[in-house]
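2 protein chains.
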Amino acid sequence: MSEDVRVEVGLGERAYDILIGPGLVARAGAEIGRRLPGIRAAIVTDENVAQRHLEMLKTGLDRGGIASSTIVLPAGEKTKSFAALQEVVDGVLAARLERGDAVIAFGGGVIGDLAGFAAGIVRRGMNFVQMPTSLLAQVDSSVGGKTGINSARGKNLIGVFHQPKLVLADTAVLDTLPIREFRAGYAEVAKYGLIDRPDFFAWLEANWQEVFAGGPARIEAIAQSCRAKADVVARDEFETGDRALLNLGHTFGHALEAAVAYDGARLVHGEGVAIGMALAHRFSARMNLASPDDAARVEAHLKAVGLPWRMADVPGGLPDADALLSFIAQDKKVSRGALTFILTRGIGQSFIARDVPVSEVLAFLKENHPG
Amino acid sequence: MSEDVRVEVGLGERAYDILIGPGLVARAGAEIGRRLPGIRAAIVTDENVAQRHLEMLKTGLDRGGIASSTIVLPAGEKTKSFAALQEVVDGVLAARLERGDAVIAFGGGVIGDLAGFAAGIVRRGMNFVQMPTSLLAQVDSSVGGKTGINSARGKNLIGVFHQPKLVLADTAVLDTLPIREFRAGYAEVAKYGLIDRPDFFAWLEANWQEVFAGGPARIEAIAQSCRAKADVVARDEFETGDRALLNLGHTFGHALEAAVAYDGARLVHGEGVAIGMALAHRFSARMNLASPDDAARVEAHLKAVGLPWRMADVPGGLPDADALLSFIAQDKKVSRGALTFILTRGIGQSFIARDVPVSEVLAFLKENHPG
Numbered sequence: 001m002s003e004d005v006r007v008e009v010g011l012g013e014r015a016y017d018i019l020i021g022p023g024l025v026a027r028a029g030a031e032i033g034r035r036l037p038g039i040r041a042a043i044v045t046d047e048n049v050a051q052r053h054l055e056m057l058k059t060g061l062d063r064g065g066i067a068s069s070t071i072v073l074p075a076g077e078k079t080k081s082f083a084a085l086q087e088v089v090d091g092v093l094a095a096r097l098e099r100g101d102a103v104i105a106f107g108g109g110v111i112g113d114l115a116g117f118a119a120g121i122v123r124r125g126m127n128f129v130q131m132p133t134s135l136l137a138q139v140d141s142s143v144g145g146k147t148g149i150n151s152a153r154g155k156n157l158i159g160v161f162h163q164p165k166l167v168l169a170d171t172a173v174l175d176t177l178p179i180r181e182f183r184a185g186y187a188e189v190a191k192y193g194l195i196d197r198p199d200f201f202a203w204l205e206a207n208w209q210e211v212f213a214g215g216p217a218r219i220e221a222i223a224q225s226c227r228a229k230a231d232v233v234a235r236d237e238f239e240t241g242d243r244a245l246l247n248l249g250h251t252f253g254h255a256l257e258a259a260v261a262y263d264g265a266r267l268v269h270g271e272g273v274a275i276g277m278a279l280a281h282r283f284s285a286r287m288n289l290a291s292p293d294d295a296a297r298v299e300a301h302l303k304a305v306g307l308p309w310r311m312a313d314v315p316g317g318l319p320d321a322d323a324l325l326s327f328i329a330q331d332k333k334v335s336r337g338a339l340t341f342i343l344t345r346g347i348g349q350s351f352i353a354r355d356v357p358v359s360e361v362l363a364f365l366k367e368n369h370p371g
Numbered sequence: 001m002s003e004d005v006r007v008e009v010g011l012g013e014r015a016y017d018i019l020i021g022p023g024l025v026a027r028a029g030a031e032i033g034r035r036l037p038g039i040r041a042a043i044v045t046d047e048n049v050a051q052r053h054l055e056m057l058k059t060g061l062d063r064g065g066i067a068s069s070t071i072v073l074p075a076g077e078k079t080k081s082f083a084a085l086q087e088v089v090d091g092v093l094a095a096r097l098e099r100g101d102a103v104i105a106f107g108g109g110v111i112g113d114l115a116g117f118a119a120g121i122v123r124r125g126m127n128f129v130q131m132p133t134s135l136l137a138q139v140d141s142s143v144g145g146k147t148g149i150n151s152a153r154g155k156n157l158i159g160v161f162h163q164p165k166l167v168l169a170d171t172a173v174l175d176t177l178p179i180r181e182f183r184a185g186y187a188e189v190a191k192y193g194l195i196d197r198p199d200f201f202a203w204l205e206a207n208w209q210e211v212f213a214g215g216p217a218r219i220e221a222i223a224q225s226c227r228a229k230a231d232v233v234a235r236d237e238f239e240t241g242d243r244a245l246l247n248l249g250h251t252f253g254h255a256l257e258a259a260v261a262y263d264g265a266r267l268v269h270g271e272g273v274a275i276g277m278a279l280a281h282r283f284s285a286r287m288n289l290a291s292p293d294d295a296a297r298v299e300a301h302l303k304a305v306g307l308p309w310r311m312a313d314v315p316g317g318l319p320d321a322d323a324l325l326s327f328i329a330q331d332k333k334v335s336r337g338a339l340t341f342i343l344t345r346g347i348g349q350s351f352i353a354r355d356v357p358v359s360e361v362l363a364f365l366k367e368n369h370p371g
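As they're listed, the protein sequences go chains A and B.
With UniProt numbering applied, the first sequence covers 1 to 371.
With UniProt numbering applied, the second sequence covers 1 to 371.
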């Protein structure tokens with residue numbers, strides 16, 4: 001009937017489906033009701049998403065016979081707080097939902113992380129459904145079961161692993177995203193190619209314009225990304241090993257985000273990851289691990305799609321190399337003067353490097369610093 | 001070397017040991033360090049326990065080379081709150097502990113539930129060590145991985161399953177407990193006999209005075225209780241079936257606690273469970289499921305140890321039978337006029353009864369109401 005693509009996340013008794021296709025918001029009641037018959041639901045969303053899409057979701061749930069209440073929160077990273085967590089938990093309990101009922105996260109990564117955390121702790125774990133409305137959330141945060149909020153001492157330091165029962169990724173709602181946000185999400189799509197799928201990266205180089213335009217190529221890119229992440233997560237659900245590969249580009253990226261004090265007007269997460277991936281490839285070339293041609297290829301693709309790819313692309317300037325290094329060291333455990341990085345031997349050949357000398361990182365930052 | 005009794009909780013890769021014996025607080029560093037080498041720890045405790053035993057624990061940890069910080073909270077059920085949870089989480093993060101470091105719960109059930117919850121959500125799950133200092137916590141809340149806090153809408157509605165790596169039950173610290181608190185904990189010890197260990201119940205009838213006095217009989221009673229609970233938990237870690245047997249006496253008991261507005265001066269949890277167990281046996285006899293002689297035997301034993309065993313034993317009077325029923329119905333899902341209760345066919349033969357008519361419960365409450 002529908003043209004949805006289905007990706008299965010193989011986690012034994014916690015296995016679940018990701019459905020990807022246009023119009024899934026309107027069909028949510030049918031898809032959820034088929035898998036979780038007779039439930040009621042609490043929708044957790046933000047003001048922006050509610051304004052654009054909530055009515056369609058309510059109608060879609062009604063059609064499937066699912067009664068629902070709604071908890072609307074302010075949009076933005078500040079919502080990943082203890083106060084918002086308590087608000088969601090209280091709202092779910094006020095709706096008198098039982099363990100077998102569902103919390104539905106309807107929004108981007110912030111809403112998914114917060115609502116998933118709430119679902120994981122109300123009655124020691126309720127059913128949870130992800131309905132990601134940003135490209136970033138569809139290909140990254142909605143897959144893998146990580147949930148959480150921020151602490152004054154760092155991002156995502158408080159949370160649980162709580163797998164959803166179902167992920168519904170409506171590819172049509174992405175048309176309402178600002179282009180800058182879509183692009184930032186695309187950085188994580190490209191990441192999966194760079195980690196271990198060279199053919200997918202080559203396909204993106206040839207087809208990225210169709211992915212941005214919408215239609216089958218977009219669905220295919222999202223499905224490939226979910227499959228890639230699901231493979232890694234199935235191998236390492238609780239992040240004790242291989243899952244660290246998903247951090248490709250994130251060490252440099254987080255340092256840049258921290259350096260602009262998480263000011264989204266200057267740099268959003270996906271943009272930080274884009275620059276971080278380019279730097280990880282360039283640094284790998286400098287360490288004679290990969291060819292400079294591969295670094296150039298990554299830089300060229302990011303540039304082509306309109307993503308930032310070098311430190312000079314961060315508007316407003318950056319602190320000096322020593323300061324950037326201290327942001328990296330803050331993010332990571334520095335053991336005996338060495339850092340853990342995701343480095344690469346070429347396109348689609350990334351690996352976990354556990355003994356990267358701090359001195360090399362500092363020299364690299366100095367060479368590539370725009371200031 | 002030591003005379004500790006060891007009980008293993010068989011949960012596959014989450015299996016852990018319970019050590020039971022005198023002096024374990026002073027030996028904590030050695031026992032923890034043997035299993036979790038090189039860690040640091042955050043001790044979570046309350047003001048009463050800190051005053052009596054914290055110095056000995058700090059010394060014990062120091063001796064094992066375990067550096068520790070301490071978070072001290074007010075004693076009492078009100079500490080199972082969102083605000084206290086945030087305080088513990090912030091304290092653990094402020095101590096810069098990593099996932100492989102440990103949160104140590106040093107106190108009764110309130111501290112264990114709260115600290116376990118914090119350990120379950122900091123960095124999506126840190127190592128956790130239970131050091132229960134009340135009899136109730138040693139035989140009940142420290143075994144099984146349930147953690148949580150209370151909501152305005154009910155007790156323990158928010159939490160996670162998070163198994164400890166080790167439980168150290170120091171039987172000597174129980175000597176500092178008020179006798180009323182020790183007795184209340186003893187109700188849960190007797191419960192394990194009544195659930196499915198008739199020989200243990202008979203042993204308690206013969207030996208309860210030695211259990212109260214301390215020494216080997218106390219260690220034996222605690223070890224038997226932990227074994228009994230560990231067996232149930234190993235069969236049903238996430239409470240989807242058999243684990244409900246542990247609620248013997250709790251349906252009536254919770255209703256009585258609610259009826260006195262959780263006023264511990266009138267009725268503490270274990271006392272409610274004691275009356276609840278006697279009522280469950282008497283009600284089972286009334287339903288012709290068990291012999292009235294068994295109900296009389298339970299009542300006689302509770303009376304002998306000084307525990308309350310009938311509704312008339314609650315000081316200050318109780319609301320009428322209809323009101324008590326509404327507290328029961330609030331606690332449970334009432335489906336089609338029927339309630340789920342733990343009933344029994346005799347001593348050590350309890351079972352889950354899913355279709356208990358509300359009308360029978362009401363009639364029983366009226367017959368047994370003191371007012």
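Glycine is no exception: its CB is placed at the ideal position from the N, C-alpha and C atoms.
Predicted model, so just to flag it, every value in this text is computed and none were measured.
Proximal residues of chain B, C-beta to C-beta of residue i below 7 angstroms
i: I158/A; result: V89, I121, V122
Buried or exposed (CB count within 10 angstroms, at least 16 for buried), residue i
i: D62/B; result: exposed
i: S142/B; result: buried
i: P22/A; result: buried
i: R6/B; result: exposed
i: D293/B; result: exposed
i: V175/B; result: Residue identity check: residue 175/B is Asp in the sequence provided, not Val. The residue is exposed, with fewer than 16 neighbouring Cβ atoms inside 10 Å.
i: K229/A; result: buried
i: L324/A; result: buried
i: K191/A; result: buried
i: R282/A; result: buried
i: S151/A; result: buried
i: V300/B; result: A small correction: the amino acid at residue 300/B is Ala; Val does not occupy that position in the sequence shown. With fewer than 16 Cβ atoms within 10 Å of its Cβ, A300/B is classed as exposed.
i: S350/A; result: buried
i: R96/A; result: exposed
Chain B contact residues for residue i, given Cβ-Cβ distances below 9 angstroms
i: F201/A; result: Within 9 angstroms Cβ-Cβ: nothing; F201/A doesn't reach chain B, min ~30 angstroms.
i: F161/A; result: R124, G125
Partners in chain A for residue i, counting only beta-carbon separations shorter than 9 angstroms
i: L93/B; result: S151, A152, R153, G154, L157, I158
Reference residue i, options the options, closest by Cα
i: S134/B; options: W309/B, R96/B, Y186/B; result: Y186/B
i: W309/B; options: R183/B, D101/B, Q86/B, M56/B; result: R183/B
i: V305/A; options: A323/A, L325/A, G270/A; result: G270/A
i: A321/A; options: G371/A, M277/A, L307/A, A300/A; result: G371/A
i: P74/B; options: V88/B, G144/B, E47/B, A234/B; result: E47/B
i: F128/B; options: T176/B, D113/B, V139/B, Q138/B; result: D113/B
i: I219/A; options: D140/A, A84/A, A118/A, A172/A; result: A172/A
i: G125/A; options: A323/B, S359/B, E239/B, R286/B; result: E239/B
i: D170/A; options: D263/A, D90/A, V49/A; result: V49/A
i: G33/B; options: T70/B, L97/B, D101/B, L256/B; result: D101/B
i: residue 375/A; options: Y16/A, G60/A, I149/A, F212/A; result: In the structure as shown, chain A starts at 1 and stops at 371, and residue 375/A therefore has no counterpart that could be examined.
i: G337/A; options: D313/A, I352/A, L362/A, A280/A; result: L362/A
Anticipated Cβ contact below 8 angstroms, residue i with residue j, distance rounded
i: E8/A; j: L19/A; result: Between L19/A and E8/A the Cβ distance is about 10 angstroms, and since that is not below 8 angstroms, they are no contact.
i: G120/B; j: T147/B; result: 6 angstroms
i: R35/B; j: K155/B; result: About 32 angstroms separates the two Cβ atoms, so there is no contact after all.
i: L289/B; j: L248/B; result: That belief does not hold up - the Cβ atoms of L289/B and L248/B are roughly 14 angstroms apart, past 8 angstroms.
i: I275/A; j: G241/A; result: Incorrect: roughly 26 angstroms between the Cβ atoms, too far for contact.
i: L246/B; j: A221/B; result: 17 angstroms between Cβ atoms; not a contact.
i: E367/B; j: M287/B; result: At roughly 13 angstroms, the Cβ-Cβ gap does not stay under 8 angstroms, so E367/B and M287/B are not in contact.
Cross-chain neighbours of residue i in chain A, by beta carbon under 7 angstroms
i: Q86/B; result: F82
Listed by chain order, chain D residues near residue i by CB distance under 7 angstroms
i: G148/B; result: In the structure shown, chain D does not exist; the protein chains are A and B.
_Length-filtered (4 minimum) alpha helix (DSSP H) runs lying within the stretch 64-121 of chain B_ = Uninterrupted alpha helix (DSSP H) stretches at least 4 residues long and entirely within the stretch 64-121 of chain B occur at 82-94, 109-121, given in chain order.
*In chain order, which alpha helix (DSSP H) runs of at least 4 residues are fully inside the stretch 224-289 of chain B?*
250-259, 269-286
*asked:* What ranges does the beta strand (DSSP E) occupy inside the stretch 138-215 of chain B, keeping only unbroken runs of at least 3 residues that lie completely in it?
replied: Here the runs fully enclosed are 149-151, 154-158, 166-170.
*Quick one: which unbroken alpha helix (DSSP H) runs of 4-plus residues sit fully inside the stretch 7-35 of chain A? Chain order, please.*
28-35
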